[in-house]
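What follows is a single structure, written as structure tokens, with notes after it.
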Amino acid sequence: MSARLALRLALLLALLAATPRLAGADSAKAAPKPLKNPDRREIGLLPAVSFSTDIGLGLGAVASWTRFARGKAPFKYRIEALFLFTLKQSESGIISPYHSDYLQIDVPGLFGGRVRINAEAAFRRFSNIGYYGLGNAAGNDNPYEGVDALAAERHFRYVRTYPSLTARARIALDSDKRWQALLGAAVTYNAFSPCDGDTPCPDTKLERDKQARADDRELERALRGTDDHLLPTLIVGLIYDSRDHNFSPRRGAFHEISLRGAPRPGLFFGNVNITLRAFHPIFSWLTFAWRAMADLLFGQVPFYMLARYGGLSPDYALGGSNGVRGVPLGRYHGRMKFFGNFELRARFVSFSLFGASFRFGATAFVDVGRVFTDYRSIERLDGSGDGIKAAIGGGLRLLWGEAFVIRADVGWSPDAEPIGIYVVVGQAF
16 MSARLALRLA
26 LLLALLAATP
36 RLAGADSAKA
46 APKPLKNPDR
56 REIGLLPAVS
66 FSTDIGLGLG
76 AVASWTRFAR
86 GKAPFKYRIE
96 ALFLFTLKQS
106 ESGIISPYHS
116 DYLQIDVPGL
126 FGGRVRINAE
136 AAFRRFSNIG
146 YYGLGNAAGN
156 DNPYEGVDAL
166 AAERHFRYVR
176 TYPSLTARAR
186 IALDSDKRWQ
196 ALLGAAVTYN
206 AFSPCDGDTP
216 CPDTKLERDK
226 QARADDRELE
236 RALRGTDDHL
246 LPTLIVGLIY
256 DSRDHNFSPR
266 RGAFHEISLR
276 GAPRPGLFFG
286 NVNITLRAFH
296 PIFSWLTFAW
306 RAMADLLFGQ
316 VPFYMLARYG
326 GLSPDYALGG
336 SNGVRGVPLG
346 RYHGRMKFFG
356 NFELRARFVS
366 FSLFGASFRF
376 GATAFVDVGR
386 VFTDYRSIER
396 LDGSGDGIKA
406 AIGGGLRLLW
416 GEAFVIRADV
426 GWSPDAEPIG
436 IYVVVGQAF
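Numbering (the numbering used here), first residue to last: 16 to 444.
See the structure below:
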């Protein structure tokens, strides 16, 4: 799960402790609000809280510094820092499977308002990323099940630590900024170990496949980048955005096509991502939203990229809170990934609290996806038949103001362990 998913669950305790009043209840007595100084600074320090069945309870803090200036929308610049770690019960006790620290800067309105630049310096560590083998038919038969509980828990996991530097620019190509070009670069140092902690690591699935790749053509082709390495990447893309709202749209579209690559000897690879999103109002309170994605990798691809997708907001797929919900993170690895999400988003009650506006809603969803090991048929890894992975579920939504959505989803899939629960920030797409 991306660290952005844990951001700004700020003041959640205040929501639990306070009693909301209906909007407008005291409007006759309310004094007019003073106009905010357009040339001002805003500083925030808030708790960051999240939950996921993949990585547990997230705790931390987020700090921000926003500089507003006359004629600069939505602001002149914004600096944000996050410290986050997660806690989860395991066979060895309470562990911290995920850690994320970052410093981000967002500068819109450059070059006459046509360019927006985002930059990030980050440190992240996953100690329970999944690796079940290659392909759409990767099984979950665990040789340690019923023999060694700790070894069984670690068998399909590995540890990845990856500090990174990233910079991206979105350049408006027309006057209404619907068409945008995407340019970016990143450099990431990747370090790996079989498992976390001081105890000896068990014979994990990844370690077994690394040892077997000398005699297996598909493993030898797929399991690249298993040693510590530095990886530079470049990205270019084209975006079309006609949404009526950036964070909780009711109508419009948000499409992108991007090409990402790494000019590194031994890991020279490319990635094409095509993502289509559309939002259709059915009633004033109900929206049908959908996303369809195709993600294609080619060349000398690092193995951990086989469980991720690229584009404007790269993340894990098929599983996790932004993929086929209910499927564990890292459950399937392949060069080709196709998946879709279909949601009915309902808006119900609106209310105000301490001068802020809120809207409560709910969502029902169906997610489907498929992974292919390679561009040719490999039945022993991908299986026969359609091989579609699917999940169904629902969740609650709380829209706080205009730019903050708290999402709580529960998803069930035949691949779930047993279900996926996610309390995060932002819509799935």
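We treat Cβ as the ideally placed atom computed from N, Cα and C, and that holds for glycine. Computed from a prediction, not measured in an experiment: that's the story for all the values here.
Query                                                                                                                                                                : Result
Taking a contact to mean a Cβ-Cβ separation below 9 Å, would you say Leu447 touches Ile272 in this structure?                                                        : Because the chain spans 16 through 444 in this model, residue 447 falls outside it and cannot be assessed.
Between Ser386 and Tyr331, which are expected to be in contact by the criterion C-beta below 8 Å, what is the C-beta distance as a whole number of angstroms?        : Note that residue 386 is Val in the sequence shown, not Ser. That pair is no contact at about 12 Å.
Would you call Gly341 buried or exposed, if buried means 16 or more other Cβ atoms sit within 10 Å of its Cβ?                                                        : buried
Per DSSP, Thr248 forms a beta bridge with which residues?                                                                                                            : Ala201
Looking only at DSSP bridge pairs, what is Thr388 linked to?                                                                                                         : According to DSSP, which records beta bridges pairwise, Thr388 is partnered with nothing at all.
Since Arg360 is in the beta strand (DSSP E), which residue starts that stretch and which ends it?                                                                    : Met351 to Leu368
Measure the C-alpha to C-alpha separation of Ala309 and Arg85 and round it to an integer number of angstroms.                                                        : 41 Å
How about the stretch 196 to 215 and the stretch 362 to 378: do they share at least three Cβ pairs that are nearer than 8 Å?                                         : no
State whether the stretch 270 to 286 contacts the stretch 294 to 309, with contact taken as three or more CB pairs (one from each stretch) at a distance under 8 Å.  : no
Go ahead and label Gln119 buried or exposed: buried means 16 or more other beta carbons lie within 10 angstroms of its beta carbon, across all protein chains shown. : buried
Provide the residue(s) that pair with Met308 in DSSP beta bridges, ordered along the chain.                                                                          : Thr290 and Phe354
Under 9 Å, do Val316 and Gly240 count as touching if we go by C-beta distance?                                                                                       : yes
Nearest-angstrom Cα distance between Ala134 and Phe318?                                                                                                              : 26 Å
Which runs of the alpha helix (DSSP H) at least 4 residues long sit entirely within the stretch 149 to 227? Give them in chain order.                                : 164 to 169 and 220 to 227
So what does Glu57 bridge to, in DSSP terms?                                                                                                                         : Thr81
For the beta strand (DSSP E) that contains Leu413, what are its first and last residues?                                                                             : Lys404 to Trp415
For the 8 Å Cβ check, are there 3 or more pairs between the stretch 145 to 159 and the stretch 388 to 405?                                                           : yes
Return the chain-ordered list of same chain residues with a C-beta closer than 6 Å to the C-beta of Ile58, the five sequence neighbours on each side being excluded. : Trp80
Let me make sure I understand the geometry here. Which of Val174, Tyr173 and Ile132 has the alpha-carbon closest to that of Ala200?                                  : Ile132
Check this for me: beta carbons of Leu99 and Ser142, under 9 Å apart or not?                                                                                         : no
Helix, strand or coil for Ala38, going by three-state DSSP, please let me know.                                                                                      : Confidence in Ala38 is poor, its pLDDT being 37 and thus under 50, which makes the residue's placement unreliable; the coordinate value appears in the next sentence. Three-state result, Ala38: coil.
From the DSSP output, which residues share a beta bridge with His270?                                                                                                : Tyr255
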